[in-house]
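Protein chains: 2
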Amino acid sequence: MGAESFVLRGDICYSLSPREVRCVEGGYLVCVDGRSAGVFEELPERYAASPLVDCTGRLVIPGLCDIHLHAPQYAFRGLGMDLELLDWLNTHTFPEETRYADLDYAARAYDVFAGDLRRCATTRAVVFGTVHVPATELLMERLEATGLVTYVGKVNMDRNAPERLVETSARSAEATRRWLEDVCGRFERTHPIITPRFTPSVTDGLMAELGALREKYDLPVQSHLSENPSEVSWVKELCPWSSCYADAYDHFGLLGEKTVMAHCVHSTDEEVELLRRTGTYVAHCPQSNAQLASGIAPVRRYLDLGMSVGLGTDVAGGASLSMFRCMADAVAASKLRWRLVDQSLAPLTTQEALWLATVGGGSFFGRVGSFAEGYELDALVLNDSGIRTPRKLTVWERLERFVYLAEEGGRIERKFVAGREVSLD
Amino acid sequence: MGAESFVLRGDICYSLSPREVRCVEGGYLVCVDGRSAGVFEELPERYAASPLVDCTGRLVIPGLCDIHLHAPQYAFRGLGMDLELLDWLNTHTFPEETRYADLDYAARAYDVFAGDLRRCATTRAVVFGTVHVPATELLMERLEATGLVTYVGKVNMDRNAPERLVETSARSAEATRRWLEDVCGRFERTHPIITPRFTPSVTDGLMAELGALREKYDLPVQSHLSENPSEVSWVKELCPWSSCYADAYDHFGLLGEKTVMAHCVHSTDEEVELLRRTGTYVAHCPQSNAQLASGIAPVRRYLDLGMSVGLGTDVAGGASLSMFRCMADAVAASKLRWRLVDQSLAPLTTQEALWLATVGGGSFFGRVGSFAEGYELDALVLNDSGIRTPRKLTVWERLERFVYLAEEGGRIERKFVAGREVSLD
């Protein structure tokens, strides 16, 4: 399926707003030159000549956007979940990331990662690599070959990391510049993103250099923010001049509408206001925030404030690569937060989780995450016949159930990114 | 595989205690007449003539015991997760359970349920039916045919339920007596269990009748306890004479070493002491407790007190039938509880989750849940080769990872209950 103009027939669902999902049973999703021309109950005459992709009886939904995960950590997903963030980084994560100096190891690991990402529900992703330029370029090549659209970052770390991983400030900046020269414009679907690991790993001097590179190359930014209380305290010590943790990025021009900050579990009011004012994205990573005992981010509050929010698996803080699981976890975590922390913030609904995983995160990539006219056409075709029940279900009920049971009877049958089909073999 | 004496070769793991897992790579698990004769690094000469089941390279672990779930709710798993317990019961659960008056519907629904339970990781289960005797007997027939060992309850409800579901006290007791006469001793693997739904659904008079039946037939008991704050308050109003919610069962002789109480999220100190003193089992159901916004049970406290604790999926408060998912959820929930509620109670480890899902719940069925000599031999053979990684892992690391990723690349290849193989077709 190489054509980028076609008509997809199936049971179509997509978010109109955080609370409203449009469902069209036996509808027609029209793709013209890789973009949606809309969803129709009857196929308009003008598209009658387009090739028909017949997915009758299947659910058709927008592709899911994973806006925070770590490619090198995929190798130890599901392992070592016995520590909080800072000890986890030193015990499990940094030693694993050190291995990516070895390009043979990186090739084996990234082959697995890219293959699994290609086959899962994710169509677009914002990805951390490691500090290593060759391994990060290899990762970009592997991801380009998947057909997915991704932002990929060479990580910067010039303090508080093991000797074999830490860079000098000068070499980190220079390696980043060299990497950007190598990869900017080199790929069709795989783009670089400025990636200071997090404030504890990056000196003010290097942060300033990264701010300058971001501006020079007009690049997006990804990092971590207010994930864990010990991390937040540490940043206060490391950047006594900052008014809040987010300020330690903002000061160097690293927040804004093309920045995604993972977690924001423990953000102060001032920090939330700074994120809102700058239009910075929050990547909510509920499974990771549970597994590393970080807490639960107040996503309802961020939505009420009109902030930009998407979902992230945060592999390998989270074990699962499944964005369906991530959606279900977001709903479940919000209910526990309501019960245990703050009953003024209503739990998320499954509808809102769908919105976060599609339009919420998708907007980081442009007009992505919806089937409304003009959006890039990312779509999943879902077979839910293996989730058996004697009941007759509506299209929405079938999708709701799929969110919770994608891995227990659900099957992703086809996947399209910007109108092009991705192989699931 | 009909034989009940054989030798199983594989990478064997089982719990020696909540904190200690024994792992034997390329070991031999010996089954004699349906019971374990132990796990050996080298096969003892005296078993050399036994048939060898060669599962080299596969993980072999004890079967998992799901000690709380609702068979009739399986039909709407993953749906309607937008309410708290009491509204959820009235809106979603009771209307669905009403359908089981229709034996045709029950047959279709229980075929699906029994088939999926047979193929999942569960080897033993403690199951709620509905109030309907014919449907409950049909459920027992279907479960008997799976080869699993289960306790199944005809539910009792004589108040606070819709007209089409509620029984009169006399008819409820009489139907239960008739059902027990029908099914006691009728099946090899499927046994009745006294099942007052929960105090809000059962008058004191009926509770007393059930206590008498329990004693007369020497039966186990299952019910719900302190799941939700509104439920707990309601019980205080309904049973002003009781010293705590658990007392509203204990008063009628319904607690004890053959009773399992689901949830115990909001149990008072007095209630915990009553459960401990009577040896009552707690069925911890972490996914349900999140999805119905109930809270998180203090499982660490129950373990520290030496109480009997197992895990339950609580389908359809929980959407997933997977006991691996249940184990992972138990660990994750305990970390959130540590972070958000009480840092004096350490999070559960994956080792402890394995213990809870095997020995913890298994002991409700007798000598079940371990491969130690004399235990009934319930075993799962797990293929983890689809959970790809470039790393070399220990046997324990492979199992730890399987707990978190069973549904994302893991595969259950074979399943044995009391030494007999269960078909996974």
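These protein sequence lines map, in sequence, to chains A and B.
1 is the number of the first residue of the first sequence in full-length UniProt numbering; add one for each residue after it.
1 is the number of the first residue of the second sequence in full-length UniProt numbering; add one for each residue after it.
C-beta atoms are modelled at their ideal positions from N, C-alpha and C, and glycine is treated no differently.
As the structure is a prediction and not an experimental result, all values here were calculated from the model.
Is the separation between the beta-carbon of residue i and that of residue j shorter than 8 Å?
| i | j | result |
| --- | --- | --- |
| Tyr151(B) | Pro220(B) | yes |
| Leu354(B) | Met307(B) | no |
| Thr199(A) | Val155(A) | no |
| Gly419(A) | Leu377(A) | yes |
| Gly312(B) | Asp116(B) | no |
| Ala316(B) | Arg77(B) | yes |
| Arg388(A) | Tyr375(A) | no |
| Ile194(B) | Leu213(B) | yes |
| Val39(A) | Gly26(A) | no |
| Leu293(B) | Lys335(A) | Residue 293(B) is actually Ala in this sequence, not Leu. Yes. Within cutoff. |
| Met157(B) | Val202(B) | yes |
| His263(A) | Ala330(A) | no |
| Pro72(A) | Leu103(A) | no |
| Gln291(B) | Met81(B) | yes |
| Val381(B) | Val149(B) | no |
| Pro196(A) | Ser169(A) | no |
| Leu8(A) | Leu29(A) | yes |
| Glu270(B) | Leu86(B) | no |
| Arg411(A) | Pro390(B) | no |
Could you tell me which residues DSSP pairs with residue i in its beta bridges?
| i | result |
| --- | --- |
| Cys31(B) | Phe6(B), Ser36(B) |
| Lys415(B) | Leu380(B) |
| Tyr74(A) | According to DSSP, which records beta bridges pairwise, Tyr74(A) is partnered with nothing at all. |
| Phe402(A) | Paired residue(s): none; Phe402(A) is not in a bridge. |
| Ala101(B) | Answer by DSSP bridge pairing: none, since Ala101(B) is not bridged. |
| Tyr196(B) | According to the sequence shown, residue 196(B) is Pro rather than Tyr. Looking at the DSSP assignment, Pro196(B) forms a beta bridge with Asn156(B). |
| Ala262(A) | His224(A), Ala283(A) |
| Asp304(B) | Note: Asp304(B) sits in no beta bridge, so no partner. |
| Arg22(A) | Tyr14(A) |
| Gly147(B) | DSSP output for Gly147(B) lists no bridge partner at all. |
| Thr59(B) | According to the sequence shown, residue 59(B) is Leu rather than Thr. In DSSP, Leu59(B) forms a bridge with Asp11(B), Leu382(B). |
Within 10 angstroms of the Cβ of residue i, are there 16 or more other Cβ atoms? Answer buried if so, exposed if not.
| i | result |
| --- | --- |
| Ala161(B) | buried |
| Gly2(A) | Note on Gly2(A): pLDDT 45, under 50, position unreliable in the model; no value is reported. |
| Pro240(A) | exposed |
| Gln343(A) | exposed |
| Gly386(A) | exposed |
| Lys216(A) | exposed |
| Glu352(A) | buried |
| Arg58(A) | buried |
| Arg118(A) | buried |
| residue 441(B) | Look at the range of chain B in this structure, 1 to 425, and you will see that residue 441(B) is not part of it. |
| Lys415(A) | buried |
| residue 443(B) | For chain B, the structure presents residues 1 to 425; residue 443(B) sits outside this window and is missing. |
| Asp425(A) | exposed |
| Asp54(B) | exposed |
| Asp314(B) | buried |
| Pro44(A) | exposed |
| Leu172(A) | Per the sequence presented here, residue 172(A) reads as Ser, with Leu not at that position. Buried, because 16 or more other Cβ atoms sit within 10 Å of the Cβ of Ser172(A). |
| Arg164(B) | exposed |
| Glu257(A) | exposed |
| Leu305(B) | exposed |
Given 7 Å as the limit, tell me if residue i has its C-beta closer than that to any heavy atom belonging to the ligand ZN.
| i | result |
| --- | --- |
| Ala332(B) | The ligand ZN is absent from the structure shown, which contains no ligand whatsoever. |
Query raised in the report: Any residues in the segment 123-141 of chain B with a beta carbon nearer than 9 Å to a beta carbon of chain A? Which ones, in chain order?
Result: none
Query raised in the report: Between the segment 381-401 of chain A and the segment 357-367 of chain B, do three or more beta carbon pairs fall short of 8 Å?
Result: no
**Report entry** Stretch pair the segment 55-66 of chain A + the segment 113-128 of chain A: three plus CB contacts closer than 8 Å
**Finding:** yes
Query raised in the report: Are the segment 246-265 of chain B and the segment 198-215 of chain B touching by the rule of at least three beta carbon pairs closer than 8 Å?
Result: yes
Report task. Would you check if there are 3 or more beta carbon pairs closer than 8 Å linking the segment 239-246 of chain B to the segment 46-54 of chain B? Result -> no
**Report entry** Interface positions of the segment 388-421 of chain B facing chain A (Cβ-Cβ less than 9 Å), listed along the chain
**Finding:** Arg388, Thr389, Pro390, Arg391, Leu393, Glu397, Glu400, Arg401, Phe402, Val403, Tyr404, Leu405, Ala406, Glu407, Glu408, Gly409
Query raised in the report: Which residues, in chain order, does the segment 342-370 of chain A contribute to contact with chain B at a C-beta distance below 9 Å?
Result: Pro347, Thr349, Thr350
Query raised in the report: Along the segment 281-301 of chain A, what residues have a CB closer than 9 Å to any CB found in chain B?
Result: Gln287, Asn289, Ala290, Gln291, Leu292, Ala293, Ser294, Gly295, Ile296
Query raised in the report: Closer than 9 Å, Cβ to any Cβ of chain B: which residues of the segment 68-79 of chain A, in chain order?
Result: Tyr74, Ala75, Phe76, Arg77, Gly78, Leu79
Report task. Compile a chain-ordered list of the residues in the segment 82-95 of chain A whose CB is closer than 8 Å to at least one CB of chain B. Result -> Asp82
Query raised in the report: Per the contact definition of three or more C-beta pairs closer than 8 Å, is the segment 335-349 of chain A in contact with the segment 290-305 of chain A?
Result: yes
Report task. Note down, in chain order, all residues in the segment 93-115 of chain B with a beta-carbon under 7 Å from any beta-carbon belonging to chain A. Result -> Tyr105, Arg108, Ala109, Val112
Query - Interfacial residues, the segment 237-267 of chain A to chain B, with Cβ spacing under 7 Å - result: none
Report task. Would you check if there are 3 or more beta carbon pairs closer than 8 Å linking the segment 139-147 of chain A to the segment 184-194 of chain A? Result -> yes
Query raised in the report: Relative to chain B, which residues along the segment 313-327 of chain A have a C-beta separation below 7 Å, given in chain order?
Result: Ala319, Ser320, Leu321, Ser322
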